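These notes are about the structure you will find just below.
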């Protein structure tokens, strides 16, 4: 309280400020004082417990004690996030010229935080930054583009490798570990990463399914979502889809609030936001920050970066940190900003926006020969005097363990933790078990895909058109030598078409990549749950495509086997779709750009077809390329269908009269052919007539080098390739989506 009172009386000593500025400072201090006396707004957990108590006659099993009902003083829990001496540097390769490293000519405007060696240069993005953020307050990080705002937010949110970041980050004086931070915090990215075809209510409900524990009933989760919609001011847009470039949806300000709601559904203790007002008009930006103020007053620490806040937004902020090229040039209350610059020798003019003046002055100093060094040093001396003046007024109340336990008991944190979960090891990493995550992910993906049927329709159309063309081109093939060659061509082209059709799976994950990274960065669900869900959602579509292609081509081409043959053909097509889809999905986890991904997919599938055994048989492939033959995805379904088609030993494909076909002797008369066969019989000692069977199906298989595996082994191998690539996809997500700077 002494700290607030001192701030309240502080403007009286500013004799050089005008009356309006003093009045503004008094109003801000008075509102801050009133807010602390009245206490924080109730958390969403508390509101839901009251709703649940009113709707049920007996208390639910997971009800917790509301400590505010026991006559305790209404105030924010004493959470203080402190950071000191944060330093972060990156190394970049220097640009090389013909005569060596390129030298910067303009030394007057060079960055003082850059050091260079012969081939690399080191740039310091954060340079000895210290400060603190408290519950019930909004701390804003300001500065020009490239000043280090987002880097500081990432450092506090554990999005920078601890090996690269120097300095300490503590919560209530205790080191803040990565696992604990992921449980008690949330991070809102600058971009709004949402599924476009889900409504606002559905988006928040799915977030509740991920973040809230299974012990919380469906009714309470829905009530929590409705309370959050009201808190975010989204009631009028609750049934509206998010939308994208091709679908009209909510406005930009509403979308930003939905993004915030996605990450605060579990009422986190610490909330990080990267440029939450970027790209919004002044009214929408003010509404977003107003929502953040209510979140802070409910007992959360809110830390955000902002480029240039308006006058109204400035009145909602409690602490400011101005950065310039990774250094702190001011840290403190907005109310003290005029006095700070006045004592620095640059008083803020009357009717001037304080932040605009500060940013303009900082930018002007950055362009001067001395840079902002003087302002940085002045801020350090200012902060040291401030700390000495307030050294006895900011003592910590509760330890981190007690504060978290109390916060959980109030319902502030409901991501699966209990009131006994006070340490990182006690708190579960995920709110729900594996199978629930998989069910929710599958439901969300299926719902989003169902509302965009044109995507599957285009793929189905491509399969049907391809099947129709193949059916008409290879209509009712006969058993002649030409028919054999045409069958081989049909099988090779059909298999390659199936795999190329699977390329549409490439942009699916690329579009969801950053949503996935955002949700898994703070343990919304497991990566393994996402991989299995992605596979399950794809299977119904693959089955439908396989039936469509098999039904279009099998009977029209005249393949062997009847109904059982159709079933095997369908199974082989399905296995091929599965393997191809899994392979492309794996590539989407490796390649992050759509066009580059398509280039890689087309090239690799072409190689698979080349080494499949159709163009050149296995025994003719050079030994140093033989390994590619065995990893070709086209090889196994191609050989499996060939074995099924030519497995009937009683079926003849080349008779004595047909051995001259496709040769110059094929134009001879039947009598001449019979005479030639008689002469050949005498030489060979075997009677060969015009009707003698010369080549059976097994002979064709030997000619094609199809002798390694049985037809069902080929099917199982194709399916196994699909599972193998899904496993590789999981490891790509595990290793490549850490979402951290190095």
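Residue numbers (the numbering used here): 1222 to 1963.
From the three backbone atoms N, C-alpha and C, an ideal C-beta is built for every residue, glycine too.
Remember, predicted model here, so these are calculated numbers, not experimental data.
Can you tell me the Cβ-Cβ gap for residue i and residue j, rounded? I've got them flagged as a contact below 8 angstroms.
{"i": "residue 1799", "j": "residue 1763", "result": "6 angstroms"}
{"i": "residue 1950", "j": "residue 1661", "result": "Not a contact, Cβ separation roughly 20 angstroms."}
{"i": "residue 1727", "j": "residue 1818", "result": "5 angstroms"}
{"i": "residue 1389", "j": "residue 1503", "result": "Their Cβ separation, rounded to whole angstroms, is 38 angstroms, which puts residue 1389 and residue 1503 out of contact at 8 angstroms."}
{"i": "residue 1499", "j": "residue 1604", "result": "Not quite, the Cβ-Cβ distance comes to about 29 angstroms (not below 8 angstroms), so this is no contact."}
{"i": "residue 1790", "j": "residue 1775", "result": "5 angstroms"}
{"i": "residue 1492", "j": "residue 1514", "result": "Going by Cβ atoms, the distance from residue 1492 to residue 1514 rounds to 12 angstroms, so no, they are not a contact pair."}
{"i": "residue 1379", "j": "residue 1300", "result": "Residue 1379 to residue 1300, Cβ: 16 angstroms. No contact."}
{"i": "residue 1781", "j": "residue 1869", "result": "7 angstroms"}
{"i": "residue 1815", "j": "residue 1731", "result": "6 angstroms"}
{"i": "residue 1363", "j": "residue 1580", "result": "7 angstroms"}
{"i": "residue 1358", "j": "residue 1517", "result": "6 angstroms"}
Would you kindly check if the distance between the Cβ of residue j and the Cβ of residue i is under 7 angstroms?
{"i": "residue 1857", "j": "residue 1938", "result": "yes"}
{"i": "residue 1510", "j": "residue 1485", "result": "no"}
{"i": "residue 1936", "j": "residue 1861", "result": "yes"}
{"i": "residue 1915", "j": "residue 1875", "result": "yes"}
{"i": "residue 1911", "j": "residue 1878", "result": "yes"}
{"i": "residue 1501", "j": "residue 1525", "result": "no"}
{"i": "residue 1527", "j": "residue 1480", "result": "no"}
{"i": "residue 1349", "j": "residue 1308", "result": "yes"}
{"i": "residue 1360", "j": "residue 1477", "result": "no"}
{"i": "residue 1385", "j": "residue 1489", "result": "no"}
{"i": "residue 1343", "j": "residue 1312", "result": "yes"}
{"i": "residue 1940", "j": "residue 1739", "result": "no"}
{"i": "residue 1946", "j": "residue 1803", "result": "yes"}
{"i": "residue 1565", "j": "residue 1551", "result": "no"}
{"i": "residue 1692", "j": "residue 1773", "result": "yes"}
{"i": "residue 1431", "j": "residue 1746", "result": "yes"}
{"i": "residue 1482", "j": "residue 1397", "result": "no"}
{"i": "residue 1711", "j": "residue 1859", "result": "no"}
{"i": "residue 1597", "j": "residue 1548", "result": "yes"}
{"i": "residue 1795", "j": "residue 1759", "result": "no"}
{"i": "residue 1823", "j": "residue 1812", "result": "no"}
{"i": "residue 1403", "j": "residue 1735", "result": "no"}
In the DSSP assignment, the beta strand (DSSP E) including residue i goes from what residue to what residue?
{"i": "residue 1917", "result": "1914-1917"}
{"i": "residue 1504", "result": "From DSSP, residue 1504 is part of no beta strand (DSSP E) but of the alpha helix (DSSP H) over 1503-1518."}
{"i": "residue 1873", "result": "1873-1876"}
{"i": "residue 1623", "result": "That residue, residue 1623, is in no beta strand (DSSP E); its alpha helix (DSSP H) goes 1621-1630."}
{"i": "residue 1407", "result": "1406-1409"}
{"i": "residue 1837", "result": "Taken as a continuous stretch (DSSP letters only), residue 1837 belongs to no beta strand (DSSP E), as it is neither H nor E."}
{"i": "residue 1522", "result": "1522-1526"}
{"i": "residue 1473", "result": "Here residue 1473 belongs to no beta strand (DSSP E); instead the alpha helix (DSSP H) covers 1473-1485."}
{"i": "residue 1397", "result": "First-last for residue 1397: undefined, no H or E at that position."}
{"i": "residue 1551", "result": "1548-1553"}
{"i": "residue 1361", "result": "1359-1363"}
Which stretch, first to last residue, makes up the alpha helix (DSSP H) that contains residue i?
{"i": "residue 1372", "result": "1370-1377"}
{"i": "residue 1783", "result": "1783-1811"}
{"i": "residue 1542", "result": "That residue, residue 1542, is in no alpha helix (DSSP H); its beta strand (DSSP E) goes 1540-1545."}
{"i": "residue 1736", "result": "1727-1742"}
{"i": "residue 1414", "result": "Element bounds for residue 1414: n/a, residue is neither H nor E."}
{"i": "residue 1391", "result": "Here residue 1391 belongs to no alpha helix (DSSP H); instead the beta strand (DSSP E) covers 1387-1392."}
{"i": "residue 1949", "result": "1932-1957"}
{"i": "residue 1438", "result": "Residue 1438 -> no alpha helix (DSSP H), and no H or E assigned at all."}
{"i": "residue 1699", "result": "Residue 1699 -> no alpha helix (DSSP H), and no H or E assigned at all."}
{"i": "residue 1495", "result": "Unbroken run through residue 1495 is the beta strand (DSSP E), 1491-1495; no alpha helix (DSSP H)."}
{"i": "residue 1424", "result": "1421-1432"}
{"i": "residue 1560", "result": "1558-1565"}
{"i": "residue 1576", "result": "1575-1587"}
{"i": "residue 1773", "result": "1748-1778"}
{"i": "residue 1532", "result": "1532-1535"}
Determine whether the Cβ of residue i lies closer than 7 angstroms to any Cβ atom of chain B.
{"i": "residue 1786", "result": "Of the protein chains in the structure, only one exists, and it is not chain B."}
Count the C-beta pairs between the region 1902-1910 and the region 1832-1842 that are closer than 8 angstroms, then say yes if the count reaches three, no if not. No, they do not touch.
Using a Cβ distance threshold of 8 angstroms, determine whether the region 1412-1427 contacts the region 1458-1467, with at least three qualifying pairs required. A contact exists between the region 1412-1427 and the region 1458-1467.
Taking three-plus beta-carbon pairs below 8 angstroms as touching, is the region 1437-1456 in contact with the region 1369-1380? Contact between the region 1437-1456 and the region 1369-1380 is not established, with fewer than three Cβ pairs separated by less than 8 angstroms.
Counting Cβ pairs, one atom from each stretch, are 3 or more of them under 8 angstroms apart for the region 1742-1756 and the region 1662-1671? Three or more beta-carbon pairs drawn from the region 1742-1756 and the region 1662-1671 are found closer than 8 angstroms, and the two stretches are therefore classed as touching.
Would you check if there are 3 or more beta carbon pairs closer than 8 angstroms linking the region 1713-1730 to the region 1678-1693? Contact holds: three or more Cβ-Cβ distances are below 8 angstroms.
Which residue spans inside the region 1853-1907 form an unbroken beta strand (DSSP E) run of at least 3? If one requires a minimum length of 3 residues, the beta strand (DSSP E) runs lying completely within the region 1853-1907 are 1873-1876, in chain order.
Identify every run of the alpha helix (DSSP H) within the region 1654-1696, keeping only runs that are complete inside it and at least 4 residues long; order them along the chain. For the region 1654-1696, whole alpha helix (DSSP H) runs of length 4 or above, ordered along the chain, are 1655-1671 and 1674-1694.
Are the region 1881-1890 and the region 1696-1703 in contact at 8 angstroms, needing three or more beta carbon pairs? Under the 8 angstroms Cβ criterion, the region 1881-1890 counts as touching the region 1696-1703, having at least three qualifying pairs.
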